[in-house]
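**Q**
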Amino acid sequence: MTFRQARWDEPNVWDLAPPSARAPVPEVPGVPERLRRKEPVLWPELAELEIVRHYTRLSQMNFGIDTAPYALGSCTMKYNPKVSELLARRPGAANLHPHQPEATVQGALELIWRLERILAKVTGLPEVSLQAGAGAHGEWAALLMVRAYFRDRGELDRRTEVLLPDTAHGTNPASAMMAGFSTQEIRSKDGCVDLEALRKAVSDRTACFMLTNPNTAGLFESDILEIAETVHGAGGMLYYDGANLNAILGITHPGRMGFDVAHLNLHKTFATPHGGGGPGAGVLAAGEALAPYLPVPRVVKNGRKFRFDYDRPQSIGKIKTAYGNFGLDLRAFAFALTHGEEGLNHVSRRAVLNSNYLASKMGKSLPRPFRPLVKHEFLLSGAPLKLRGVRTLDLAKRLLDEGVHAPTVYFPSLVEESLMVELPETESKRELDNYVAAFERAVSDTPENLRAAPRSLSVGRIDEVRAAREPRLSWKDLRSAAAAKVEAPAPVGPAP
Amino acid sequence: MPRWIPNEPGEEAALLEALQISSVEQLFRDVPKKARIGRLGIGAGRDEPDVVREVDRILDRNKPLGKFANFLGGRISSRYSPAAVDAMVSRSEFYTSYTPYQPEASQGMLRVLFEFQSLWVELTGLDVANASLYDGATAAGEALLFCRRIHEGRRFLVPASLPWEERSVLENYASGPGLSVEGIPYDDRTGRLDLDFVRRAVGAGDVFGLLADVPNGFGHLDEGVADLKGILGDIPLVVAADPLSLSVLEPPGRYGADVVVGEGQGFGIAPSFGGPLLGLFACRSEHVRAAPGRIVGATQDVAGQPAFALTLQTREQHIRRSRATSNICTNQSLMALAFTVYATVVGPRGLAALQASIAEKARTLASALGGVDGLKAPRFDAPYLGEFTVELSRGTAADFLDRLRRRKVLGGVPLVDPRPGRPSSSERILVGVSDATTEREIQKYARAARTALASAGRGA
């Protein structure tokens, strides 16, 4: 199969119909003169059909899960069920205001309550809140809960450190910093937490150890119970980063592994669409110690009625407008309902089966660090490519020419020139075999071709260094750049 | 099993055979026995028609906005969204994609985000916008942390009239680095900010930023915001602006705002019980390296063709880790697409005309409610656009709104902090209109309010 992406010479929206600043701004009575807009908003006036064509053409220059396997590790790019899209657009879901009286939104509250109960069972942590906007937002909120907990115990002055493994997602240390903690990295041994290093690092300064299991090397941290014992023994809390939950549904859960608090990403495990970067939906799940600190309101059931409960004196308060991303909660609920007990377990079993199959095949082309048994994702090292004068980046670009999305590259950093591959449970064996074949063609291609990739997309290799060195971040910047060009003095000297 | 997991006869067996194992169970031998769990206890799966039936049954217990004369607002809008917006958001090349880490494969979304950033720059009069944050409240929280990165101090000032939810979110963003959020008192007649308080606070020192909302938490306009930068000097000014209002109001960058944040949901995004929403953030060029979130830049490909990519990524968590400007990773890109398509379909003249017509309806509502005995409408003597605050002279907002609801009127957002023990004005309500509001609905509200207050009077 030869792949060619659409290549429209589509102008920017303002170049379709250069806007004019001549239209007067309508008068709104009472608006103080100083706050009145004097010049109209500079934006094009276009016919609806022109607009629809513009964005349709742009969409055709974009990879999605619906167009090709999307092997980004740690992103869990699984099929986004169409039925969820249908249901989320029902007036009874889309046309609800968060400030409607509770009596008029009983269905929404019921759905939230039932999804929270399901997620409590999936995580093994009894109390759940859906308020967080995405995974990182949940991490930050959970760490604020940890902070509040230690403040109430009078230990906050001392417990200022968050520990995390060197394989942690970048959001973990960033969230810890935002929540006011310092961070300390624990080195890995053979891709997993070095238990001895952790034992040496924990102390009465430890507030929390943040861990994802399986970790970003795709390995299950088999010492997890000892890790939990070590952290708890020092009086610290154990935090579960749920980005990799897709590997363990119905196998184990954060509660059983000894975690005190967790976030989940509904846009990963529960198949809500990633939307070109978002929206996501974060879930906070807490054990007994931290549950009182969850954000308000909580959704509770009294008899047959559901209501918001604000009477949580230890709560950290609000972390976001309203009650999280309800439109995505609904999609996740439909996903959970469809799968049920057996189905969710099957999700993880198939995801891990796919991953091990893919690892065994792709591992023939590039070395795999660490032990062979992996969970839902795995690492390869592109280091040998360097002997041929090419890099992992070139391989990733060459894969795009095959019409498939590249793996996550250069993360985690403990593996040189790493590629992190994940094709979840919704990919058939046929698609896996196609991916392997594409990968083999890409790896064995000539260095010239690898460096020249991609050639089948709407643009060629992009100069990202230039983007950062000469930032042009909006139409306004493009206008000033164009003006500067016009005004630039003519070169001195004879014409060429 | 759902059709979503492939299940061709022999497929799983072939995968197992290739791995030379006999059961999937062997792939979980690295999970210690003591960490294994039994059944989750969440019931059996269902087929698609059954799931649709069940979700519809639950949703039937909701009474969506269309069943009421609706006067709810307060940052979440129920304005009509042209069908073309959802059609573009429903392009699955967009909605099933992820963060454009491979820009060559994702030019479509990158272009959308570049247009979105450009639009927010045009509306705000600033230089640089990011590719979105979660919502207006968290954008304000990120703005607070941004101010602290570009200015020394421990104190952040906000209007005391800021809705309690936003204040609480801000306090959480402030709590990590140990910063304080302080309320600026307002004039009881006009709701306007006490600028002398701001002068004194700035004089006392340690202020690293100030946020003012336009319109304010009462729905009103306060021209004093245009004086704030003169008082603050080099202390950063954040303006939290309603995007539609910026079609007729001066861009905050023109009166000294260093950051403009906002809630973008009203531009083509369904209210959806409060999410997903859209956080807007813009700042000045000189501070771009302190900005949070993804930013898309224009560049070119090897052949010199225009191209777009995520840029200035050394600010971000996946590169800078604990020294990143923010932890944000997933944002609201798809909502940024909705915002951009909405603004383009409605058009710049259309946006201003829409705001003008909504303001006209709000004035009709104010005069209808102003004639109701027991209701002060508007409560504040100050200009407004689509929303204003009313005050009850008897009874509580909760009781009043409940009586209205029985008459199929959603009468507004009570300006109450519902957490026990929090002081708040239990008799104030933020009321608003949208493009869908009709004259009949306005009269219906006035009649229902009269009846409700008459019986509240008898009850008291």
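These protein sequences, in sequence, are chains A and B. Reminder that position 477 of the first sequence reads as 477 in the working numbering, one-by-one numbering, no gaps. Reminder that position 112 of the second sequence reads as 1112 in the working numbering, one-by-one numbering, no gaps. All residues carry an ideal CB built from backbone N, CA and C; glycine is no exception. Keep in mind it's a predicted model, so treat the numbers as computed, not measured.
1. If you follow the alpha helix (DSSP H) that Gln1317/B is part of, which residue opens it and which one closes it?
2. With 8 angstroms as the C-beta to C-beta threshold (strictly closer), list the residues of the stretch 1252-1281 of chain B near chain A in chain order.
3. Output yes if chain A places a C-beta closer than 7 angstroms to the C-beta of Gly1459/B; else output no.
4. Quick check on Gly1043/B - is its C-beta less than 7 angstroms from some C-beta in chain A?
5. Give me the chain B residues within the contact set of Asn356/A, using Cβ-Cβ distance strictly less than 8 angstroms, ordered along the chain.
6. Is the shortest distance between the beta-carbon of Arg1461/B and the beta-carbons of chain A less than 7 angstroms?
7. So, does the CB of Arg1053/B fall closer than 7 angstroms to a CB anywhere in chain A?
8. Would you please state the rounded distance, in angstroms, between the beta carbons of Asn265/A and Gly250/A? I believe it to be under 8 angstroms.
9. Would you tell me roughly how many angstroms separate the C-alpha atoms of Ala1460/B and Arg1428/B, rounded to the nearest one?
10. Applying the 10 Å Cβ sphere with the 16-neighbour rule, what's the burial state of Asp1242/B?
11. Report the CB separation of Ile316/A from Pro297/A in whole angstroms; it is logged as a contact under 8 angstroms.
12. Unbroken alpha helix (DSSP H) runs of length 4 or more, entirely within the stretch 157-205 of chain A: which are they?
13. Output yes if chain B places a C-beta closer than 7 angstroms to the C-beta of Ala495/A; else output no.
14. Can you tell me the Cβ-Cβ gap for Val1031/B and Thr252/A, rounded? I've got them flagged as a contact below 8 angstroms.
15. Would you list, in sequence order, the uninterrupted beta strand (DSSP E) runs of no fewer than 3 residues that lie entirely inside the stretch 368-448 of chain A?
16. Assuming the contact rule is C-beta atoms closer than 8 angstroms, Ala1362/B and Val1433/B should be a hit. Round their C-beta distance to whole Å, please.
17. With a Cβ-Cβ cutoff of 7 angstroms, do Pro1420/B and Asp152/A count as a contact?
18. Please return the same chain residues whose Cβ sits closer than 7 angstroms to the Cβ of Ala1174/B, not counting the five positions on each side in sequence.
19. For the stretch 24-38 of chain A and the stretch 1098-1107 of chain B, state whether three or more C-beta atom pairs, one from each stretch, are separated by less than 8 angstroms.
20. Can you give me the Cβ contacts of Asn449/A inside the same chain, cut-off strictly under 8 angstroms, excluding the 5 residues immediately before and after it?
21. Which residues in chain A have a C-beta closer than 9 angstroms to the C-beta of Gly1386/B? List them in chain order.
22. When the distance is taken between beta carbons, is Ala1240/B closer than 7 angstroms to Phe1146/B?
23. State whether the stretch 414-431 of chain A contacts the stretch 72-88 of chain A, with contact taken as three or more CB pairs (one from each stretch) at a distance under 8 angstroms.
24. Taking just the CA atoms, how far does Val1296/B sit from Asn12/A?
25. If the criterion is Cβ atoms closer than 7 angstroms, does the pair Thr1099/B and Gly64/A meet it?
26. Roughly how many angstroms separate the alpha carbons of Asp1188/B and Thr272/A, rounded to a whole number?
27. Between which two residues does the alpha helix (DSSP H) holding Ser222/A run?
28. How would you label Pro279/A, buried or exposed, when you count the other beta carbons within 10 angstroms and need 16 or more for buried?
29. Assign Ile227/A to buried or exposed, taking buried as 16 or more other Cβ atoms, counted over all protein chains shown, within 10 Å of its Cβ.
30. Give me the Cα-Cα distance between Phe1116/B and Arg1450/B, rounded to the nearest whole angstrom.
31. Quick check: what's the CA-CA separation for Leu1280/B versus Gly138/A?
32. Who are the near neighbours of Ala1257/B in its chain, counting only those whose CB is closer than 6 angstroms to its CB and skipping five residues on each side?
33. So Cys1283/B is in the beta strand (DSSP E); what residue range does that whole segment cover?
34. Tell me the DSSP secondary structure of Asn213/A in three-state form.
35. Which of the three DSSP states, helix, strand or coil, is assigned to Pro1378/B?
36. So which of Lys429/A, Glu440/A and Thr321/A has the shortest CA-CA distance to Pro1009/B?
**A** Taking the geometry as given:
1. As a first step, residue 1317/B must be located in the second sequence, where it is residue number 317. Start and end: Gln1317 to Arg1320.
2. Of all residues in the stretch 1252-1281 of chain B, only Tyr1255, Glu1263, Ala1270, Pro1271, Ser1272, Phe1273, Gly1274, Gly1275, Pro1276 and Leu1277 place a beta-carbon less than 8 angstroms from a beta-carbon of chain A.
3. Taking the first residue of the second sequence as position 1, residue 1459/B is located at position 459. Residue placement at Gly1459/B is poorly supported in this model, since its pLDDT is 48, which falls under 50; the coordinates are not used for a value here.
4. One-based indexing of the second sequence puts residue 1043/B at position 43. Interface residue, yes.
5. Counting from 1 along the first sequence, the entry for residue 356/A is found at position 356. At a C-beta separation below 8 angstroms, Asn356/A has these neighbours in chain B: Leu1019 and Leu1027.
6. The structure shown does not extend to residue 1461/B, since chain B is modelled only from 1001 to 1460, so the question has no answer here.
7. The residue you call residue 1053/B lines up with position 53 of the second sequence. So, not an interface residue.
8. If you number the first sequence from 1, residue 265/A lands on position 265. If you number the first sequence from 1, residue 250/A lands on position 250. Contact between Asn265/A and Gly250/A is ruled out by a C-beta separation of about 18 angstroms, above the 8 angstroms threshold.
9. Walking along the second sequence from the start, residue 1460/B turns up at place 460. Walking along the second sequence from the start, residue 1428/B turns up at place 428. Low local confidence applies: a pLDDT of 42 at Ala1460/B is under 50, so the model's placement there is unreliable, with the coordinate-based value given in what follows. Cα to Cα, Ala1460/B sits roughly 18 angstroms from Arg1428/B.
10. For the purposes of this step, residue 1242/B is identified with residue 242 of the second sequence, where counting begins at 1. Its Cβ being crowded by 16 or more others within 10 Å, Asp1242/B is buried.
11. Indexing the first sequence from 1 puts residue 316/A at position 316. Indexing the first sequence from 1 puts residue 297/A at position 297. About 12 angstroms separates the two Cβ atoms, so there is no contact after all.
12. Fully enclosed alpha helix (DSSP H) runs of 4 or longer: 171-178 and 195-201.
13. In the first sequence, residue 495/A corresponds to position 495, counting from 1. Per-residue confidence for Ala495/A stands at a pLDDT of 44, beneath the threshold of 50, marking its modelled position as unreliable; no derived number is given.
14. Within the second sequence, the letter at position 31 stands for residue 1031/B. Within the first sequence, the letter at position 252 stands for residue 252/A. That pair is a contact at about 5 angstroms.
15. The stretch 368-448 of chain A contains these whole beta strand (DSSP E) runs: 378-381 and 418-421.
16. By 1-based counting over the second sequence, the position of residue 1362/B is 362. By 1-based counting over the second sequence, the position of residue 1433/B is 433. Contact check for Ala1362/B and Val1433/B: beta-carbon distance about 5 angstroms, within the 8 angstroms limit, so the pair qualifies.
17. Along the second sequence, one-based indexing puts residue 1420/B at 420. Along the first sequence, one-based indexing puts residue 152/A at 152. Judged by their CB atoms, Pro1420/B and Asp152/A are not nearer to each other than the 7 angstroms cut-off.
18. Along the second sequence, read from residue 1 onward, the residue named residue 1174/B stands at position 174. Taken in chain order, the residues that qualify are Leu1144, Phe1156, Ser1180 and Val1181.
19. Counting Cβ pairs under 8 angstroms, fewer than three are found: no touch.
20. Locating residue 449/A in the first sequence gives position 449, counting from the first residue. If we look at Asn449/A and ignore the five residues flanking it on each side, its Cβ neighbours are Arg398.
21. Taking the first residue of the second sequence as position 1, residue 1386/B is located at position 386. The contacting residues do not exist; Gly1386/B stays about 10 angstroms from chain A at best.
22. Walking along the second sequence from the start, residue 1146/B turns up at place 146. Walking along the second sequence from the start, residue 1240/B turns up at place 240. In terms of Cβ geometry, Phe1146/B and Ala1240/B do not form a close pair [threshold 7 angstroms].
23. As far as the Cβ criterion goes, the stretch 414-431 of chain A touches the stretch 72-88 of chain A, which means the pair count is three or higher.
24. Within the first sequence, residue 12/A is the residue found at index 12, counting from 1. Within the second sequence, residue 1296/B is the residue found at index 296, counting from 1. In this model, Asn12/A and Val1296/B are separated by some 14 angstroms (Cα to Cα).
25. Taking the first residue of the second sequence as position 1, residue 1099/B is located at position 99. Taking the first residue of the first sequence as position 1, residue 64/A is located at position 64. Between Thr1099/B and Gly64/A, the C-beta gap is not smaller than 7 angstroms, which leaves the two residues out of contact.
26. Position 188 of the second sequence, counting from 1, holds the residue named residue 1188/B. Position 272 of the first sequence, counting from 1, holds the residue named residue 272/A. Between the alpha carbons of Asp1188/B and Thr272/A lies a distance of about 46 angstroms.
27. On the first sequence, residue 222/A is found 222 positions in, with the first residue counted as 1. Neither: Ser222/A is in no alpha helix (DSSP H) and is coded neither H nor E.
28. Mapped onto the first sequence, residue 279/A falls at position 279. That one is buried.
29. The count along the first sequence starts at 1 and reaches residue 227/A at position 227. Buried: at least 16 other Cβ atoms inside 10 Å.
30. Translated into the one-based positions of the second sequence, residue 1116/B becomes position 116. Translated into the one-based positions of the second sequence, residue 1450/B becomes position 450. Between Phe1116/B and Arg1450/B, the C-alpha separation is close to 45 angstroms.
31. The residue labelled residue 1280/B in the question sits at position 280 within the second sequence. The residue labelled residue 138/A in the question sits at position 138 within the first sequence. If I take the Cα positions, the gap works out to 20 angstroms.
32. Against the second sequence, residue 1257/B aligns to sequence position 257. In chain order, Leu1237 and Val1239 place their CB closer than 6 angstroms to the CB of Ala1257/B, counting only its own chain and leaving out the 5 sequence neighbours on each side.
33. As a first step, residue 1283/B must be located in the second sequence, where it is residue number 283. For Cys1283/B, the uninterrupted beta strand (DSSP E) run begins and ends at Gly1279 to Cys1283, by DSSP.
34. For this step, residue 213/A is matched to residue 213 along the first sequence. Coil.
35. Looking up residue 1378/B in the second sequence gives position 378. Pro1378/B falls in the coil class under three-state DSSP.
36. If you number the second sequence from 1, residue 1009/B lands on position 9. Nearest of Lys429/A, Glu440/A and Thr321/A to Pro1009/B, Cα basis: Lys429/A.
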